[in-house]
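Enquirer: In terms of the working numbering, the sequence shown opens at residue 14 and continues consecutively. Don't be surprised by glycine CBs; every beta carbon is placed ideally from N, CA and C. Just so we're clear, the structure is a prediction, and the values are computed from it rather than from any experiment. Structure provided below as structure tokens; questions to follow.
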Amino acid sequence: MPKSIWGTISASANTEGGIIVLGAKERNDGTLEVVGLGDADRMLDDFWNAAHSTDKLSYYAMSDRDASIESTDGKDLILIEVPRADRRLRPIYVNGNPVTGTYRRDHKGDYRCASNEIQAMYRDASDESVDTRIHENLTVDDLYAETIGSYRRSCELHHSAHAWADLPDDEFLCRTGAAKVGSDGKVHPTSAGLLMFGEEWRIMAEFPHYFLDYRQELGTDERWQGRITSQDDSWSGNMFDFYWRVFNNMKQVINVPFKLDENSQRVDETEAHDALCEAIANCLTNADYNERRGVVFLWKEDGLHFSNPGGFLIGIKDAYIGGNSDSRNETMMKMFTLINIGEPAGGGIPDMVKKWTAAGYGRPVLSEQVNPERSSIFLPLESKENSDFCEWGQNASSTSLAHGDMSALLTVPNAQSSDNERVAFRLAIEQGRVTTAMLSESAGASKLTANRILRHLADIEVLTWRGRNKTDPSQ
């Protein structure tokens, strides 16, 4: 049993998960050569004995079905599938020491985490949203009154008869979570209130790395054609005002077809506008404002790029599926949903993907990086048809899901394939697997139909079954 396996388990659990193969070696070209194990049963027993010990792993993050013996060409391999650890359990560390035993994984391999990464994982592990902290050195009078007024007018526009409409500012801010009563009995801003409604110089005093940056980069002649930053003293520099400035700039890229409502009035916003709102709000409310490099939004020729410090709390695969809301700044997300921006029930990302593609654009892409940790959303501006062609070409040759030859794999994304087969194939590429439940939800099909589709794709060797047998409920 190689000693390095425990650092790799820590790294995989603290990043996006992965599969460890024992009994194979990597060739110079990156492919694997099966060598086999002399006594796979004994090695698997040794693995589980150590894995159950807290002296080795801080948390036992795997189930019995995550490690198995597989035979290839008469040679035994051990496959260990390490799931991404729940953010409440991270950091997963080895040898009882989080300082020296916490690892993550990037494109270069496993690396030992620095103290700031470990601290960020502990912050994310808390059950209390980080933006609820009270700043007792400030009062609500230190917030920017014009932004508060703008937000309240937005609330009244969407909730004209709401009971909060006539409340004084301090009570209104307490109801939204932007302020709380402190230990001194007085009302003070929370982190959510300060970031949403404060002025940049006050925010910087509490969050030294706070920075919001928007750039329009559409050519090579100039560095940018337009820029908005929180450090420009011509405006407040807070998050709420930044949201509207960026949205009003970026929405210019969206094609608006001529359409009238029931009152014969021109409809100026489309589903693509809703998707843009979700992308902006998601990045702003998911950002870790204690980290460096700030929030960066770019309008480029290929599309709209959004990135923020801090990874996705639930992982990219689960974010695509939806149904599990877990925002880093829950109070700010609540404040946006009060004015009908964003989706609080975990459906924001799937809804964004659906609406952006329905408007004729390419499929949005979520990505995540570590060291430093950042999460990104990309809204492509090319047509859906061009995006599909590019995506199949890029991914089909590299996916590990194909069991048959490449010609069988490429029969899926063509005109003869059903829409549901296309959905299944796309899920498999994006998320590494597709289950009956996933396909049923994404395609809007019954579970019986979804199961029949997956069995057909397995029969023609486009997809491969994973499970103990064909009746395994966890296949």
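If you draw a straight line from the alpha carbon of E454 to that of A437, how long is it in whole angstroms?
Expert: As a first step, residue 454 is located in the sequence shown; it is residue number 441 there, counting from the start. As a first step, residue 437 is located in the sequence shown; it is residue number 424 there, counting from the start. Using only the alpha carbons, I get a separation of about 11 Å.
Enquirer: Give me, in chain order, the residues of the same chain whose beta-carbon lies closer than 6 Å to that of G239; leave out the 5 immediate sequence neighbours on both sides.
Expert: As a first step, residue 239 is located in the sequence shown; it is residue number 226 there, counting from the start. Only Q229 meet the Cβ criterion.
Enquirer: What number of angstroms, rounded off, separates the C-alpha of P202 from the C-alpha of P181?
Expert: Your numbering for residue 202 matches position 189 in the sequence shown. Your numbering for residue 181 matches position 168 in the sequence shown. P202 and P181: Cα-Cα distance of roughly 15 Å.
Enquirer: May I ask which residues mark the beginning and end of the beta strand (DSSP E) holding L198?
Expert: Counting from 1 along the sequence shown, the entry for residue 198 is found at position 185. Here the sequence assigns Gly to residue 198, which means Leu is not the residue at that position. Careful: G198 lies outside any beta strand (DSSP E) and carries neither H nor E.
Enquirer: Is L70 helix, strand or coil by DSSP?
Expert: Start at 1 with the first residue of the sequence shown, and residue 70 comes out as number 57. In the structure shown, L70 sits in a strand (DSSP, three-state: E or B).
Enquirer: Nearest to G195 by alpha carbon, out of T145, D89, T28?
Expert: In the sequence shown, counting from the first residue as 1, residue 195 sits at position 182. Nearest option by C-alpha distance: T145.
Enquirer: Quick one: using the 10 Å Cβ neighbour count with 16 as the cut-off for buried, is T283 buried or exposed?
Expert: As a position in the sequence shown, residue 283 is number 270, starting the count at 1. Its Cβ being crowded by 16 or more others within 10 Å, T283 is buried.
Enquirer: Quick test of the definition: if touching needs 3 or more C-beta pairs under 8 Å, does the stretch 370-390 touch the stretch 325-335?
Expert: Verdict: yes, contact present.
Enquirer: What residue does the beta strand (DSSP E) around A85 start on, and which one ends it?
Expert: The sequence position of residue 85 within the sequence shown is 72, counting from 1. Contrary to the premise, residue 85 reads as Thr rather than Ala in this sequence. Its beta strand (DSSP E) spans residues 80-85.
Enquirer: Take every Cβ of the stretch 339-356, pair it with every Cβ of the stretch 282-299, and state whether three or more of those distances are shorter than 8 Å.
Expert: With the cut-off at 8 Å, the stretch 339-356 and the stretch 282-299 touch.
Enquirer: Out of curiosity, what's the CA-to-CA distance linking H65 and V269?
Expert: Taking the sequence shown and counting its residues from 1, one reaches residue 65 at position 52. Taking the sequence shown and counting its residues from 1, one reaches residue 269 at position 256. If you take the alpha carbons of H65 and V269, they lie about 58 Å apart.
Enquirer: So the beta strand (DSSP E) R46 belongs to, where does it begin and stop?
Expert: One-based indexing of the sequence shown puts residue 46 at position 33. Correcting the residue identity first, residue 46 is Glu in this sequence and not Arg. Here the beta strand (DSSP E) through E46 covers 45-47.
Enquirer: Assuming A450 is part of the alpha helix (DSSP H), what are its boundary residues?
Expert: Working through the sequence shown from its first residue, we reach residue 450 at position 437. Looking at the DSSP string, the run of the alpha helix (DSSP H) that includes A450 is 449-456.
Enquirer: Which whole runs of the alpha helix (DSSP H) in the stretch 202-271 are 4 residues long or more, in chain order?
Expert: List check, alpha helix (DSSP H) in window: 204-210, 213-219, 252-263.
Enquirer: Is any non-hydrogen atom of the ligand ADP found closer than 8 Å to the C-beta of S71, if you look at the structure I gave you?
Expert: Looking at this structure, you won't find the ligand ADP or any other ligand, since it has none at all.
Enquirer: Anyone know if the C-beta pair for A133 and E356 falls short of 9 Å?
Expert: Taking the sequence shown and counting its residues from 1, one reaches residue 133 at position 120. Taking the sequence shown and counting its residues from 1, one reaches residue 356 at position 343. Not a contact, by the Cβ cut-off of 9 Å.
Enquirer: If you drop the 5 nearest sequence neighbours on each side, which residues of the same chain put their C-beta closer than 7 Å to that of W25?
Expert: Start at 1 with the first residue of the sequence shown, and residue 25 comes out as number 12. Checking the sequence, you will find Ser at residue 25 rather than Trp. Cβ within range, chain order: G31, V95, R118.
Enquirer: Here's a check: name, in chain order, each residue in its chain whose Cβ is nearer than 6 Å to the Cβ of S17, leaving out the five neighbours to either side.
Expert: Within the sequence shown, the letter at position 4 stands for residue 17. There are no such residues.
Enquirer: What residues match up with I390 in a beta bridge as DSSP calls it?
Expert: Taking the sequence shown and counting its residues from 1, the one referred to as residue 390 is at position 377. Paired residue(s): F319, L379.
Enquirer: Could you give the residue range of the alpha helix (DSSP H) that holds K88?
Expert: The sequence position of residue 88 within the sequence shown is 75, counting from 1. Premise fails: K88 lies in the beta strand (DSSP E), 88-95, not in any alpha helix (DSSP H).
Enquirer: From the DSSP output, in three-state form, read off R341 for me.
Expert: Counting from one through the sequence shown, the residue named residue 341 turns up at place 328. The answer is coil: DSSP assigns R341 none of H, G, I, E or B.
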